[in-house]
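S.K.: Residues -5 to 669 (this note's numbering) are what the sequence shown spells out, left to right.
From the three backbone atoms N, C-alpha and C, an ideal C-beta is built for every residue, glycine too.
Fair warning: this is a prediction, and the values are worked out from it, not measured in the lab.
Pasting in a structure now, in structure tokens, and then I'll have a few things to ask.
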Amino acid sequence: MLINEDGYRLWLRYQKINDDIRLLQYRKMIDGVTILENEQTFDIIKYELDLALPVILDKQVGIGRTGVTGRGLVVGTIDNLRKLNLDIPELDSREMGNEGFLIRQYDGDSNILITANSNTALITGMFHFLRRLQTHHDIQNIDILNTPRIHRRLLCHWDNIDGSIERGYAGRSLWKWNELPNKIDPRYRDYARACASIGINGVILNNVNSQPEILSTEYLLKIVALADIFRSYGIRIYLSPPFNAPAQLGSLRTSDPRKPDVKRWWKEKMDEIYSLIPDFGGFQVKASSEGQPGPHDYGGNHHDGANMLVEAMHDHNGIVLWRAFVYDTTIDKDRAKCAYKGFVPLDGKFDPGVFVQVKNGPVDFQPREPFHPLFGAMPKTPLALELQITQEYLGQAVHLVYLAPMWKEVLDADTFAYGEGSTVSRIVDGSLYANTESAIVGVSNTGSDRNWCGHHFAQANWYAFGRLAWDHYLSSEDICEEWIRMTWSNDPDVVNSIRKMMLGSWEACVDYMTPLGLHHITQEGHHYGPDPAFNGASREDWNSVYYHRADKEGLGFNRSSSGSNAISQYFSPLHKQFDDLAICPEKYLLWFHHVLWDYRLSSGRMLFEELKHHYDGGVEYVAGMKKAWKSLQGKIDSQRFEHVQNKLETQEVNAKFWHDVCMGYFRQFAGDRVS
Ligand code: GCW
């Protein structure tokens, strides 16, 4: 009988090793632990190892500061090691930089060393080592030098100060503003542990649709309490301010970024923030977008706003993440083209310290989008990639959808900006332009639900975001397997079944929601179910019919050169490929083309039949996941088993509903071309 679990421990759910050979090896090699560290890091490392090792090894393990004796694990910074004459090569130390770590066997086969240049990197290294144990890796001759590819790896919370979460599906906000700063919820530390374990080093606390109070002294003092906890885990705080804070919170008559008193107000606010939180990371700003205030309200442009803010932080090295999610359709009637047209002319006008933050696709976190054409089009501006972990358009906390394959599709996409190999990931990590700073932001899916994310499997997306932010060359398969082993079990049956379920789950979701490049046909407002007929929004580009354009002739948005010409925003050879119906990848067909109903796809099927094939396939896949899950009964504790089973049942009903609504709706247009 397996003990019931509620999912609170996430992937830090330390378990006894049930593989005898591994257990023997681990026990032999980890006889005790010596932590050579200062107070704060010592406590954190000891806390985690105390939690993990006695359970994993199923024996008492001495963990302390005492000298290096016997066989065991030694954890200490390079500086500490030097004092003990346990020197490691200068080259390794340099290569590790500030955030990397080294795990290496030394002194014959008797000791393992975890080392790093900084205290917080040591914590990352320790979590990595624990991951190796949790996933039953061989640690004999272990030699891992690991560094992150992207500097700022941030989780962004769309949390409002009233405790609600925009697009949050897992309860209320984790930040209890009414209790802070006096009462500290133990969950803050567990959140920080989870983030640190996957290398996240920054947290944007509040919603991009922001309220000015977040910058008030009262709230800053509350934030200090969070910053103190997060700092010890290597996590810095960022905020999303409203652009009109000087008028809203201060008593200025304007928030015009070019006015000296506005500049002064921000400068003073930044000085206040940094006096309280010396390692404050910076601001993320949604401006002149979806009704939010911005420089355009005062006749300015994005760079006027962003540069003014970064200037106010100049003395403190803070950054500004200026969002490109701006779609003023007076710029272009095709919403997908607006951000590019608005931002490309500003390339070169942003000051150092400003990132333009770009969503993965040009519309809005749809189940699948081609990559955003801004990637590669602003070589003089560092671009941060924004991904959505919370499943706004992908079944929220009900559908099991593993998102790493979607993110990999974007990261690996070749923009051809500088010829072949100019991938989105190389633009984001800065290696294509030799940028010195890089950033990636994931819109969080956490909340106050006991299991953090609403769905046990949604935890995998939080996990995968962190792992890919650390190293976007990791494969979704490997990340998936790590997560399963730590979260569910190392039993090969469990690992294989769940792996299979997860790896196809995103493509299946695309199939039963928006196959072949369809997009934005969800119900208005909450974006959960299908509503392809929707045509009643206050803006044309918030209607489903704006996006799918179904008519008697065909289906899809003509963004080719005979239509909105959005394809022109992509580099050669992509724009030709996207422009030409015959060679456009079928996954983006209806994104770029209005395709005739009697058009035959590569399968030989006509459009409607092909759509049906995808919708049917999506539904079948969910039925398959349900079956696969059922086969694991008895191998998963019943509490988590039933929770997931219920969700899968609803997902199946939902997938059928998507199928029926969309097929029924498109059938009216396809007419007699439907068999
Ligand atoms: O995805 C859309 C959401 C909005 C969100 C907006 C944005 C925070 O529907 O809820 O607002 O994008 O990214 O700013």
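1. CB-CB under 7 Å to Lys10, same chain, minus the five flanking residues each way: which ones, in chain order?
2. Quick test of your reading: Gly275 and Ile313, contact by CB under 8 Å. State the CB separation rounded to the nearest angstrom.
3. Evaluate contact between the stretch 277 to 284 and the stretch 295 to 304, counting only Cβ atoms and requiring at least three cross-stretch pairs below 8 Å.
4. From what residue to what residue does the beta strand (DSSP E) around Tyr232 run?
5. Just list the alpha helix (DSSP H) runs in the stretch 302 to 343, keeping only unbroken ones of 4 residues or longer that don't cross its boundaries, in chain order.
6. So what's Met372 in DSSP terms, helix, strand or just coil?
7. Please look up how many angstroms separate the CB atoms of Leu368 and Ser491, rounded, as I've assumed it's under 8 Å.
8. Under the rule that 16 or more other beta-carbon atoms within 10 Å means buried, what is Met(-5), buried or exposed?
9. How would you label Lys22, buried or exposed, when you count the other beta carbons within 10 angstroms and need 16 or more for buried?
10. State the DSSP-derived secondary structure class of Phe672, mapped to helix, strand or coil.
11. Just to confirm before moving on: does the CB-CB distance between Ile138 and Leu199 stay below 9 Å?
12. Would the beta-carbon of Asp692 be found less than 8 Å away from any heavy atom of the ligand GCW?
13. Look at Leu590 and Phe663 and say whether their C-beta atoms are less than 9 Å apart.
14. If you run the structure through DSSP and keep just helix, strand and coil, what is Tyr100?
15. Using a C-beta cutoff of 9 Å, does Pro251 count as contacting chain B?
16. Under 8 Å: does the beta carbon of His521 sit that close to some heavy atom of the ligand GCW?
17. Would you mind giving the Cβ-Cβ distance between Ala433 and Ile144, rounded to the nearest angstrom? I have them listed as a contact below 8 Å.
18. Using the three-state DSSP reduction, which class does Met23 fall into: helix, strand or coil?
19. Give a single yes or no on whether Arg317 has its beta carbon closer than 8 Å to a heavy atom of the ligand GCW.
20. Can you list, in chain order, the residues of its chain whose CB lies under 6 Å from that of Met507, leaving out five sequence neighbours each side?
21. Just to check, is the beta-carbon of Ser158 closer than 8 Å to a non-hydrogen atom of the ligand GCW?
22. From what residue to what residue does the beta strand (DSSP E) around Phe349 run?
23. Helix, strand or coil, according to DSSP, for Leu17 in the structure here?
24. Kindly indicate which three-state DSSP category Arg146 falls into: helix, strand or coil?
25. In three-state terms, what does DSSP make of Asn559?
26. For Ser87, collect the residues of the same chain with a Cβ closer than 6 Å to its Cβ; drop the 5 residues on either side in sequence, then sort them by chain order.
27. According to DSSP, is Gly276 part of a helix, a strand, or is it coil?
28. In the structure shown, what three-state DSSP assignment does Asn12 receive?
29. Gln645: beta carbon under 8 Å from a heavy atom of the ligand GCW?
30. Going by beta-carbon coordinates alone, are Trp464 and Pro142 separated by less than 9 Å?
31. Which residues does DSSP list as the beta-bridge partners of Val422?
32. Tell me where the alpha helix (DSSP H) around Asn455 begins and ends.
33. Kindly provide the ranges of any alpha helix (DSSP H) runs that are 4 or more residues long and lie completely inside the stretch 73 to 145, ordered along the chain.
34. Do Val392 and Tyr163 have their C-beta atoms within less than 9 Å of each other?
35. Kindly indicate which residue of Gly370, Tyr427, Glu534 has the alpha-carbon position closest to the one of Trp410.
M.R.: According to the structure data:
1. Apart from the 5 residues on each side of it in sequence, Lys10 sits with its Cβ closer than 7 Å to the Cβ of Val49, Ile50, Asp52 in its chain, given in chain order.
2. Right, the Cβ-Cβ distance comes to about 7 Å (below 8 Å), so this counts as a contact.
3. yes
4. 230 to 233
5. 329 to 337
6. coil
7. Incorrect: roughly 40 Å between the Cβ atoms, too far for contact.
8. It counts as exposed.
9. exposed
10. The requested residue 672 does not occur in the structure, where the chain is confined to residues -5 to 669.
11. No, the Cβ-Cβ distance between Ile138 and Leu199 is not below 9 Å.
12. Here the chain comprises residues numbered -5 to 669, so residue 692 is not present and cannot be evaluated.
13. no
14. strand
15. No chain B appears in this structure, which consists of one protein chain only.
16. Checking the Cβ of His521 against the ligand GCW gives yes.
17. 7 Å
18. helix
19. Flag set: Cβ of Arg317 near the ligand GCW.
20. Pro361, Trp652
21. False, no ligand heavy atom lies under 8 Å from that Cβ.
22. First-last of the beta strand (DSSP E) with Phe349: 348 to 353.
23. helix
24. strand
25. coil
26. Ile72
27. Looking at Gly276 - three-state DSSP - the assignment turns out to be strand.
28. coil
29. Closer than 8 Å to some heavy atom of the ligand GCW: that does not describe the Cβ of Gln645.
30. yes
31. DSSP lists no partner for Val422.
32. 453 to 464
33. 84 to 90, 113 to 128
34. yes
35. The residue asked about is misnamed: residue 410 is Phe in this sequence, not Trp. Comparing Cα positions, the closest option is Gly370.
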